[in-house]
Structures are given as structure tokens and as C-alpha cells.
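S.K.:
In this note's numbering, the protein residues as written are 427 to 606.
1) In whole angstroms, what is the alpha-carbon distance linking residue 496 and residue 547?
2) Alpha carbons only, please: which of 481, 570, 600 is nearest the one belonging to residue 585?
3) Check for me: the alpha helix (DSSP H) holding residue 466 runs from which residue to which?
4) May I have the straight-line CA-CA distance separating residue 596 from residue 565, to the nearest angstrom?
5) DSSP on residue 560, reduced to helix/strand/coil?
6) If you compare alpha carbons, which of 479, 448, 573, 579 is closest to residue 406?
7) Along the beta strand (DSSP E) that carries residue 542, what are the first and last residues, could you check?
8) Roughly how many angstroms separate the alpha carbons of residue 477 and residue 486, rounded to a whole number?
9) Quick one, are the C-beta atoms of residue 488 and residue 581 less than 8 Å apart?
10) Give the secondary structure of residue 566 by DSSP, where H, G and I count as helix, E and B as strand, and everything else as coil.
11) Measuring straight from C-alpha to C-alpha, what distance separates residue 567 and residue 576?
12) Please confirm whether residue 543 and residue 555 have their CB atoms less than 8 Å apart.
13) Express the C-alpha separation of residue 557 and residue 545 in angstroms, rounding to a whole number.
14) Comparing alpha-carbon positions, which option in 598, 604, 591 lies nearest residue 368?
15) Identify every residue that forms a DSSP beta bridge with residue 575.
16) Candidates 593, 583, 594: which alpha carbon is nearest residue 494's?
17) Please name the residue or residues paired with residue 583 in a DSSP beta bridge.
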């Protein structure tokens with residue numbers, strides 16, 4: 427039962443009421459915006475650092491493929507290059523001995539004229555997701571002048587050999603002129 431003898435409650439509104447609430451909402455929203463900005467910057471830095479690491483892996487793969495091709499071009503089989511300098515079948519088949527030494531998965535049969543293509547795996551040859559390099563060796567006899575041979579080696583390194591959308595590629599190209 428309500429007491430009927432009590433006077434009604436009246437509120438007197440003051441003109442400064444609610445300022446603290448408005449100020450606290452403003453400050454908290456400002457802190458949320460600053461926090462989200464810092465989070466966004468952190469995510470971008472992580473993306474850049476990951477891309478840098480993957481780029482380094484791809485460059486290492488390209489460099490390793492080039493070093494393997496340079497080694498077998500200079501050492502070769504019995505002091506001859508392991509890569510074909512013409513379309514002579516004997517020299518082209520000698521290029522097939524390279525896989526045992528360089529951990530190469532396959533040599534594409536595109537040995538027309540004096541170009542040899544092969545894929546070089548860095549770690550396990552059976553790992554399709556590891557780093558690899560596609561290497562092309564092109565030999566041009568009598569270039570730039572008679573009695574000289576120009577060897578061009580192009581190595582395209584990849585951080586992932588598969589078809590991932592996050593694959594990073596880096597390439598190296600070397601041109602060497604030697605006496606025939």
C-alpha cells in the first residue's frame with residue numbers, strides 16, 4: 427500500500443547535467459579509434475615481414491638453381507659442359523646426367539637447338555610445396571665473335587613450387603662468354 431500522504435517527487439534539471447557522460451563516450455570512442463589504428467599498422471607490418479621472408483626464400487631458390495647450373499656448365503662431364511651447345515644428340519643426352527648431382531626433379535625435353543630447361547628442388551625432390559627454381563641454360567656458339575661461346579642462364583626461384591596464390595618469384599640472369 428502506497429503512502430498517500432507523501433508529496434510527489436519532482437526533479438529539477440540542471441543545465442550542466444550529462445556533460446560527464448558525453449565526455450566519457452567521446453574519450454572512449456577516441457581510444458577505440460587509436461587502438462584500431464595501431465592494430466591496423468601491426469597487421470600491415472606483419473604482412474610486409476612475411477613477404478620479405480618469402481621473397482628471401484624465392485631468391486635463395488633462384489640463386490641455388492643458378493649456382494647448380496654454373497657448376498655443371500663449368501665442370502660438366504669430363505671437362506665439358508653438361509649442357510648442350512648444339513642440337514647434337516650426344517651433347518643433349520649428356521645434360522640428363524645433371525639431375526643426380528643437383529637434386530633436379532625433371533628436365534623438360536625442350537632441348538631444341540642449345541636450350542636446356544630443368545626444375546631444381548631445394549629440399550626434398552618429392553615435396554611439391556618446397557622452394558624450387560626453373561632454370562634455363564642457353565648456349566650460343568660463335569657469339570659475340572668467332573671462337574667464343576655465350577652461355578645465358580636464367581633462374582626463376584619460387585618460395586612454393588605449387589600453384590598457391592601466395593607464391594613469390596624472384597629471378598636471376600647471368601651471361602658468360604668463354605673461349606670454345
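Think of the CB as a built atom: it goes at the ideal place given N, C-alpha and C, for glycine as much as any other residue.
M.R.: So, from the listed chains and residues:
1) Here residue 496 refers to the residue found at position 70 when the chain shown is read from its first residue. Here residue 547 refers to the residue found at position 121 when the chain shown is read from its first residue. Between residue 496 and residue 547, the alpha-carbon positions lie close to 16 Å from each other.
2) Here the question's residue 585 lines up with position 159 in the chain shown. Nearest C-alpha to residue 585: 481.
3) Residue mapping note: residue 466 aligns to position 40 of the chain shown, counting from 1. For residue 466, the uninterrupted alpha helix (DSSP H) segment begins and ends at 445-500.
4) Locating residue 596 in the chain shown gives position 170, where the first residue counts as 1. Locating residue 565 in the chain shown gives position 139, where the first residue counts as 1. Roughly 23 Å separates the two Cα atoms.
5) Walking along the chain shown from the start, residue 560 turns up at place 134. Three-state DSSP puts residue 560 in a strand.
6) In this structure the chain extends from 427 to 606, so residue 406 is not present and cannot be described.
7) Here residue 542 is taken as the residue at index 116 of the chain shown, counted from 1. For residue 542, the enclosing beta strand (DSSP E) covers residues 541-547.
8) For the purposes of this step, residue 477 is taken as residue 51 along the chain shown, with counting starting at 1. For the purposes of this step, residue 486 is taken as residue 60 along the chain shown, with counting starting at 1. Going by C-alpha positions, residue 477 is about 14 Å away from residue 486.
9) Residue 488 sits at position 62 when you count from the first residue of the chain shown. Residue 581 sits at position 155 when you count from the first residue of the chain shown. Cβ distance < 8 Å, so residue 488 and residue 581 count as in contact.
10) If you number the chain shown from 1, residue 566 lands on position 140. Reduced to three states, the DSSP call for residue 566 is strand.
11) Here residue 567 refers to the residue found at position 141 when the chain shown is read from its first residue. Here residue 576 refers to the residue found at position 150 when the chain shown is read from its first residue. Each residue's alpha carbon lies about 7 Å from the other.
12) In the chain shown, the residue the question calls residue 543 occupies position 117. In the chain shown, the residue the question calls residue 555 occupies position 129. A distance of 8 Å or more separates the beta carbons of residue 543 and residue 555.
13) Taking the chain shown and counting its residues from 1, the one referred to as residue 545 is at position 119. Taking the chain shown and counting its residues from 1, the one referred to as residue 557 is at position 131. Here the alpha carbon of residue 545 sits roughly 11 Å from the alpha carbon of residue 557.
14) Residue 368 lies beyond the residue range present for the chain, which begins at 427 and ends at 606; the question has no answer from this structure.
15) Taking the chain shown and counting its residues from 1, one reaches residue 575 at position 149. Paired residue(s): 567, 604.
16) Against the chain shown, residue 494 aligns to sequence position 68. Nearest of 593, 583, 594 to residue 494, Cα basis: 583.
17) Along the chain shown, one-based indexing puts residue 583 at 157. For residue 583, DSSP records a beta bridge to 559, 596.
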